[in-house]
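Step one of this worksheet: look at the structure below.
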Amino acid sequence: MEKLQGENRSFWKMTEHGVSYPKLAQDIEVDTAVIGGGISGILTAYFLAKRGKSVALLEARELVGGTTGGTTAKLSSQHELIYDKMIELGGVELAKQYYEANQTGLRLIEELITEHAIHCGFEEMDSYVFSQHGTNTQNLEKEAAAYEMIGIEGGMTDSVPLDFNVASALVMKDQAQIHPVKFLHGVLREIDQMGGRIYQHTKYMGTERNGEQLTLQTDTQFTVSCRQVVLATLFPAEDPHSFYSNTMKPVTSHLTAFASPQTFVKGVYISDDAPKRTFRGAQDGDRHVLIVGGETHPTGDAKSTIERYEAIRQFAKEEFGLTDMIGYWSEHELTTPDMRPYIGPIEEGDDQMYVMTGYNKWGMTAAAAGAQLIADLITGKPNRFEELFNPQRSLPEKNKEDSGQSNDAFKSLLQRAERLEKGQADQFKQNGKPIGIYKDLNSNVHYLDLHCTHLGCGVRWNDGDQTWDCPCHGSIFDGTGEVLAGPAKQPLKKVNPY
Ligand SMILES: Cc1cc2nc3c(=O)[nH]c(=O)nc-3n(C[C@H](O)[C@H](O)[C@H](O)COP(=O)(O)OP(=O)(O)OC[C@H]3O[C@@H](n4cnc5c(N)ncnc54)[C@H](O)[C@@H]3O)c2cc1C
Ligand code: FES
Numbered sequence: 013m014e015k016l017q018g019e020n021r022s023f024w025k026m027t028e029h030g031v032s033y034p035k036l037a038q039d040i041e042v043d044t045a046v047i048g049g050g051i052s053g054i055l056t057a058y059f060l061a062k063r064g065k066s067v068a069l070l071e072a073r074e075l076v077g078g079t080t081g082g083t084t085a086k087l088s089s090q091h092e093l094i095y096d097k098m099i100e101l102g103g104v105e106l107a108k109q110y111y112e113a114n115q116t117g118l119r120l121i122e123e124l125i126t127e128h129a130i131h132c133g134f135e136e137m138d139s140y141v142f143s144q145h146g147t148n149t150q151n152l153e154k155e156a157a158a159y160e161m162i163g164i165e166g167g168m169t170d171s172v173p174l175d176f177n178v179a180s181a182l183v184m185k186d187q188a189q190i191h192p193v194k195f196l197h198g199v200l201r202e203i204d205q206m207g208g209r210i211y212q213h214t215k216y217m218g219t220e221r222n223g224e225q226l227t228l229q230t231d232t233q234f235t236v237s238c239r240q241v242v243l244a245t246l247f248p249a250e251d252p253h254s255f256y257s258n259t260m261k262p263v264t265s266h267l268t269a270f271a272s273p274q275t276f277v278k279g280v281y282i283s284d285d286a287p288k289r290t291f292r293g294a295q296d297g298d299r300h301v302l303i304v305g306g307e308t309h310p311t312g313d314a315k316s317t318i319e320r321y322e323a324i325r326q327f328a329k330e331e332f333g334l335t336d337m338i339g340y341w342s343e344h345e346l347t348t349p350d351m352r353p354y355i356g357p358i359e360e361g362d363d364q365m366y367v368m369t370g371y372n373k374w375g376m377t378a379a380a381a382g383a384q385l386i387a388d389l390i391t392g393k394p395n396r397f398e399e400l401f402n403p404q405r406s407l408p409e410k411n412k413e414d415s416g417q418s419n420d421a422f423k424s425l426l427q428r429a430e431r432l433e434k435g436q437a438d439q440f441k442q443n444g445k446p447i448g449i450y451k452d453l454n455s456n457v458h459y460l461d462l463h464c465t466h467l468g469c470g471v472r473w474n475d476g477d478q479t480w481d482c483p484c485h486g487s488i489f490d491g492t493g494e495v496l497a498g499p500a501k502q503p504l505k506k507v508n509p510y
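Counting the sequence shown from 1 gives a position; our numbering is that position plus 12.
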């Protein structure tokens, strides 16, 4: 398989490293523990600390190393074409609330950046959904009508500042973009200065409840005692009655970064064509960069990831003449049946454990509004978005679990392992059980039980990122089976197939 040009790493992670924080090294006691160091967890910890709560923020791996570290980082309430569908599902008032919640999130981020003078490339600009072929103009027009009903500033436009042919476009005015890792490292500094405790490489493993007292177990030998815990772990680290597993679906999208000879035109863009393409500009010192992505698919489906990156590369070449790919990466997200995230009590009536999840690929502004909502719920302040994001709201329909497996025939194991290049994997069935073979960079061969250690779905090989991806709830394991993301807490089991 041809090697892709550039680093298999997010542009944001390549261009900002931030301060390193320690691992939990003693038992601690705080008012609230926030689990997960992405935008949801960091902003929640910030708002709570700002209100005088003592907080601990626990991150299993590296801060801003999850989906937030690989997002496109558009701060936009234009979530592709969502408002027309939302009006159909719940009426104009509900769609308007969703818009206002995201606008609130955008303004909260802007205020925070201004208040703390965080240098993170925040730029206000318009947001566009466009169609190159014109086949989807009707969809854009329906969405424009929804904008009018809701009172969103924008609508159909002929003046799209792009050099290539666009048949129709819908603009939403005054949206923005940032460098997410720079922004959140700035917020982490503020949490630190307010006395918040921040830990990396400290995985939450479970909660013991003793009356009002919660004791959180971690993968260190130390615990965190607290009154409330917020699970901001992309997929919730607890899943009572499998509600979250049964109603959310994981998706994966792919992004690339290209060096560009000039500043990229203003605006953040996504197409409504098939295949969809998303793009925005970015800077690395004097270097101009274009972030281009798309190819969203159910996590762990069978198609080659390398082919997906190739398709994006081709688009960047054809439409922008860009060929210098400096990075490529994949990220994961969870979708909900009504396109609204779940932000609130993990279960009805629980005022100690909260979740923030299911952002449907548009969590940057929603997480900011959600972080304020969680801080309000914990400190007993009313919040007008409580019902909008309430995980216990009634849902239109439930997703059906898909735990389908590929049916590889068993072949000679030794031959299969020998044929593998370093960094490649293969899979087969033995007595009906799916087994993965991975050859690491030192040519060691690892045999893995491909049942995800979360709830047992079959993981599948992602050749572009060299990971095992679970299609059920989005756990991601490296080639050797170690957990990289998702609800799984344990690595894939090693097996001896001989
Ligand atoms: C390719 C892509 C592009 C996107 N582009 C945009 C965009 O332009 N605009 C937009 O609004 N949204 C966008 N989104 C969505 C947005 O990026 C996400 O909704 C958002 O980043 C989610 O943030 P989070 O903090 O909830 O999750 P994450 O950033 O994933 O953070 C969760 C953290 O929890 C940690 N964790 C997990 N389990 C544990 C545990 N047991 N103990 C301790 N820590 C744990 C993880 O390591 C991780 O760091 C995009 C999504 C994708 C996939
Ligand atoms: S992530 Fe839930 S079964 Fe794999």
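Cβ atoms here follow ideal geometry from the backbone N, Cα and C, with glycine treated the same way.
Please read all numbers here as calculations on a predicted model, not as lab measurements.
*DSSP puts residue 66 in a beta bridge; with which residues?*
Numbered from 1 along the sequence shown, position 54 holds the residue referred to as residue 66. Paired residue(s): none; residue 66 is not in a bridge.
Is the distance from the Cβ of residue 387 to the Cβ of residue 117 below 8 Å?
-> By 1-based counting over the sequence shown, the position of residue 387 is 375. By 1-based counting over the sequence shown, the position of residue 117 is 105. It is not a contact, given that the beta carbons lie outside the stated cut-off.
- request: Compute every distance between the C-beta of residue 111 and the non-hydrogen atoms of ligand 1, then say whether any falls below 7 Å.
  value: One-based indexing of the sequence shown puts residue 111 at position 99. Not so, every heavy atom of ligand 1 lies at least 7 Å from the Cβ.
Checklist line | Cα-Cα separation, residue 157 to residue 371 | finding: Looking up residue 157 in the sequence shown gives position 145. Looking up residue 371 in the sequence shown gives position 359. Distance between the alpha carbons of residue 157 and residue 371 is about 24 Å.
_Short of 6 Å in beta carbon distance, which residues of its chain neighbour residue 82, apart from the five on each side in sequence? Order them along the chain._
On the sequence shown, position 70 is the one that residue 82 refers to. Excluding sequence neighbours, residue 82 sits near 22, 341, 343.
message = Which residues does DSSP list as the beta-bridge partners of residue 365?
response = The residue you call residue 365 lines up with position 353 of the sequence shown. Paired residues: 241.
Could you tell me the alpha carbon to alpha carbon distance between residue 353 and residue 427, rounded to whole angstroms? Residue mapping note: residue 353 aligns to position 341 of the sequence shown, counting from 1. Residue mapping note: residue 427 aligns to position 415 of the sequence shown, counting from 1. Taking the straight line joining both Cα atoms gives about 47 Å.
Does at least one heavy atom of ligand 1 sit under 7 Å from the Cβ of residue 88? Position 76 of the sequence shown, counted from the start, is the residue given in the question as residue 88. Residue 88: yes, Cβ under 7 Å from ligand 1.
Output the distance between the C-alpha atoms of residue 497 and residue 487, rounded to the nearest integer angstrom.
Translated into the one-based positions of the sequence shown, residue 497 becomes position 485. Translated into the one-based positions of the sequence shown, residue 487 becomes position 475. Taking the straight line joining both Cα atoms gives about 5 Å.
How would you label residue 357, buried or exposed, when you count the other beta carbons within 10 angstroms and need 16 or more for buried? On the sequence shown, residue 357 is found 345 positions in, with the first residue counted as 1. Counting Cβ neighbours within 10 Å, residue 357 comes out buried, since at least 16 surround it.
CB contact check: residue 59 to chain D, cutoff 8 Å: Structure shown: chain D not included; a single protein chain is present.
Check residue 445 in the structure and name its three-state DSSP category.
Taking the first residue of the sequence shown as position 1, residue 445 is located at position 433. Strand.
- Would you say the beta carbon of residue 82 comes nearer than 7 Å to a heavy atom of ligand 1? Within the sequence shown, residue 82 is the residue found at index 70, counting from 1. Residue 82 Cβ: within cutoff of ligand 1.
Which residue spans inside the region 59–140 form an unbroken alpha helix (DSSP H) run of at least 4?
95–102, 104–127
For residue 247 and residue 455, I'd like the C-alpha separation in whole angstroms. The residue given as residue 247 occupies position 235 in the sequence shown. The residue given as residue 455 occupies position 443 in the sequence shown. Their backbone Cα atoms lie some 33 Å apart in a straight line.
Worksheet item: Secondary structure at residue 379, three-state DSSP: helix, strand or coil?
Response: For the purposes of this step, residue 379 is taken as the residue at position 367 of the sequence shown. Residue 379: helix per DSSP, three-state reduction.
Distance, residue 155 Cα to residue 94 Cα:
Within the sequence shown, residue 94 is the residue found at index 82, counting from 1. Within the sequence shown, residue 155 is the residue found at index 143, counting from 1. Between residue 94 and residue 155, the C-alpha separation is close to 8 Å.
Practice prompt. Please look up how many angstroms separate the CB atoms of residue 301 and residue 196, rounded, as I've assumed it's under 8 Å.
Written response: Walking along the sequence shown from the start, residue 301 turns up at place 289. Walking along the sequence shown from the start, residue 196 turns up at place 184. Not a contact, Cβ separation roughly 19 Å.
_Supposed close pair residue 323, residue 307 - CB separation, criterion 8 Å_ = To locate residue 323, count along the sequence shown from 1; it is residue 311. To locate residue 307, count along the sequence shown from 1; it is residue 295. Right, the Cβ-Cβ distance comes to about 6 Å (below 8 Å), so this counts as a contact.
Q) Who does residue 372 pair with in a DSSP beta bridge? A) Counting from 1 along the sequence shown, the entry for residue 372 is found at position 360. Answer is none; residue 372 lacks a bridge partner.
message: Considering only the alpha carbon of each residue, which of 361, 138, 204, 259 lies closest to residue 188?
response: In the sequence shown, counting from the first residue as 1, residue 188 sits at position 176. That would be 138, whose Cα lies nearest to the Cα of residue 188.
(request) Indicate whether residue 140 and residue 281 have their beta-carbon atoms separated by less than 8 Å. (result) For the purposes of this step, residue 140 is taken as residue 128 along the sequence shown, with counting starting at 1. For the purposes of this step, residue 281 is taken as residue 269 along the sequence shown, with counting starting at 1. Yes; because the gap between Cβ atoms is below 8 Å, this pair is in contact.
Notebook entry, point to check: Enumerated in chain order, which unbroken segments of the alpha helix (DSSP H) with a length of 4 residues or greater are wholly contained in the region 195–265?
Noted result: 255–259
message: Contact between the region 31–51 and the region 314–329 is defined here as three or more beta-carbon pairs at a separation below 8 Å; is this criterion met?
response: no
Check your understanding: Buried or exposed: residue 453, going by 16 or more other Cβ atoms within 10 Å of its Cβ?
Key -> Residue 453 sits at position 441 when you count from the first residue of the sequence shown. The residue is exposed, with fewer than 16 neighbouring Cβ atoms inside 10 Å.
Using the beta-carbon count (16 or more within 10 Å), is residue 181 buried or exposed?
Locating residue 181 in the sequence shown gives position 169, where the first residue counts as 1. Residue 181 comes out buried.
### Query
To which residues does DSSP link residue 341 through a beta bridge?
For the purposes of this step, residue 341 is taken as residue 329 along the sequence shown, with counting starting at 1. Residue 341 pairs with 267.
Going along the chain, which residues of its own chain have a beta-carbon closer than 7 Å to the beta-carbon of residue 172, five neighbours each way excluded? The residue given as residue 172 occupies position 160 in the sequence shown. Answer for residue 172: 140, 142, 178, 181, listed in chain order.
In whole angstroms, what separates the C-alpha of residue 257 from that of residue 40? Stepping through the sequence shown from its first residue, residue 257 is reached at position 245. Stepping through the sequence shown from its first residue, residue 40 is reached at position 28. Using only the alpha carbons, I get a separation of about 31 Å.
- Query: Do the CB positions of residue 53 and residue 132 come within less than 8 Å of each other?
  - Reply: The residue given as residue 53 occupies position 41 in the sequence shown. The residue given as residue 132 occupies position 120 in the sequence shown. Going by C-beta atoms, residue 53 is not nearer than 8 Å to residue 132.
inquiry  = My assumption, with CB atoms under 8 Å, is that residue 259 sits in contact with residue 407. Please give the rounded CB distance.
reply    = Position 247 of the sequence shown, counted from the first residue, corresponds to residue 259. Position 395 of the sequence shown, counted from the first residue, corresponds to residue 407. At roughly 6 Å, the Cβ-Cβ gap stays under 8 Å, so residue 259 and residue 407 are in contact.
Please confirm whether residue 16 and residue 450 have their CB atoms less than 8 Å apart.
Your numbering for residue 16 matches position 4 in the sequence shown. Your numbering for residue 450 matches position 438 in the sequence shown. Cβ distance not < 8 Å, so residue 16 and residue 450 don't count as in contact.
#### Entry: Option nearest residue 393 by Cα separation, candidates 33, 59, 19, 29
The residue labelled residue 393 in the question sits at position 381 within the sequence shown. Considering only alpha carbons, the answer is 59.
**Message:** Am I right that residue 240 and residue 391 are in contact with their C-beta atoms under 8 Å? What's the rounded C-beta distance?
**Reply:** As a position in the sequence shown, residue 240 is number 228, starting the count at 1. As a position in the sequence shown, residue 391 is number 379, starting the count at 1. That belief does not hold up - the Cβ atoms of residue 240 and residue 391 are roughly 10 Å apart, past 8 Å.
* **Residues near residue 511 in its chain [Cβ-Cβ closer than 7 Å; skip 5 each side]** => Limits of the chain in this structure are 13 at one end and 510 at the other, which puts residue 511 out of reach.
Comparing C-alpha positions only, which one of 191, 170, 366, 447 sits nearest to residue 122?
Stepping through the sequence shown from its first residue, residue 122 is reached at position 110. Measuring from the Cα of residue 122, the nearest candidate turns out to be 191.
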